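Peer 1: This structure is in structure tokens; I'll ask about it shortly.
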Amino acid sequence: MDLPSGRYRILAYREFHDVPRLMHVADGASQHWILDCPFDDARDAYPQVYRVYPVHADAEGTAHALEQHTPERRPMSGSLPVDRLQFDETRRAWFDLP
1 MDLPSGRYRI LAYREFHDVP RLMHVADGAS QHWILDCPFD DARDAYPQVY
51 RVYPVHADAE GTAHALEQHT PERRPMSGSL PVDRLQFDET RRAWFDLP
């Protein structure tokens with residue numbers, strides 16, 4: 001499943017290298033996702049793709065969603081190239097997805 005175009009609020013994030021690398025985000029319709037771009041030790045670099053995981057916002061709080069996130073516990077719904085996201089100037093509050 002691809003994320004629909006629009007503006008996404010970054011509710012919480014962890015790991016930051018140029019951009020947030022692990023984020024809990026929500027769109028205008030209050031649908032929530034985790035975007036995960038973990039460091040690749042073998043390549044000694046971050047990948048250029050976020051893995052996208054749906055989150056049921058009514059069942060988990062923002063902090064809880066990131067604390068409990070492990071790829072093994074959630075089905076991945078798709079991927080998204082990092083360079084498609086157009087971040088706000090701080091790169092921490094929101095991003096647009098054209």
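Using our numbering, read the sequence shown as starting at 1 and increasing by one per residue. No residue lacks a Cβ here, since even glycine has one placed at the ideal position from N, Cα and C. If you're wondering where the values come from, they're calculated on a predicted model, not measured in any experiment.
What distance in whole Å lies between the Cβ atoms of Trp94 and Ile10, which are believed to be in contact at a cut-off of 8 Å?
Peer 2: Numbered from 1 along the sequence shown, position 10 holds the residue referred to as residue 10. Numbered from 1 along the sequence shown, position 94 holds the residue referred to as residue 94. Indeed they touch by this definition, with Cβ atoms about 6 Å apart.
Peer 1: Can you tell me whether Arg9 is helix, strand or coil according to DSSP?
Peer 2: Residue numbering aside, residue 9 sits at position 9 when the sequence shown is read from its first letter. Correct three-state label for Arg9: strand.
Peer 1: Less than 8 Å between the C-beta atoms of Tyr13 and Leu3, yes or no?
Peer 2: Reading the sequence shown from its first residue, position 13 is the one you call residue 13. Reading the sequence shown from its first residue, position 3 is the one you call residue 3. No, they are not a contact pair.
Peer 1: What did DSSP end up calling Glu21 once you bin it into helix, strand or coil?
Peer 2: Residue mapping note: residue 21 aligns to position 21 of the sequence shown, counting from 1. A quick correction: the sequence has Arg, not Glu, at residue 21. It is a strand residue.
Peer 1: Leaving aside the five residues before and after His56 along the sequence, list all residues of the same chain whose C-beta is less than 8 Å from its C-beta, in chain order.
Peer 2: Taking the sequence shown and counting its residues from 1, the one referred to as residue 56 is at position 56. Same-chain partners within the cutoff: His32.
Peer 1: Whose C-alpha, out of Asp44, Arg7, Val19, is nearest the C-alpha of Ala26?
Peer 2: By one-based count along the sequence shown, residue 26 stands at place 26. Answer by Cα proximity: Arg7.
Peer 1: Going along the chain, which residues of its own chain have a beta-carbon closer than 6 Å to the beta-carbon of Arg91, five neighbours each way excluded?
Peer 2: Reading the sequence shown from its first residue, position 91 is the one you call residue 91. Same-chain partners within the cutoff: Val19.
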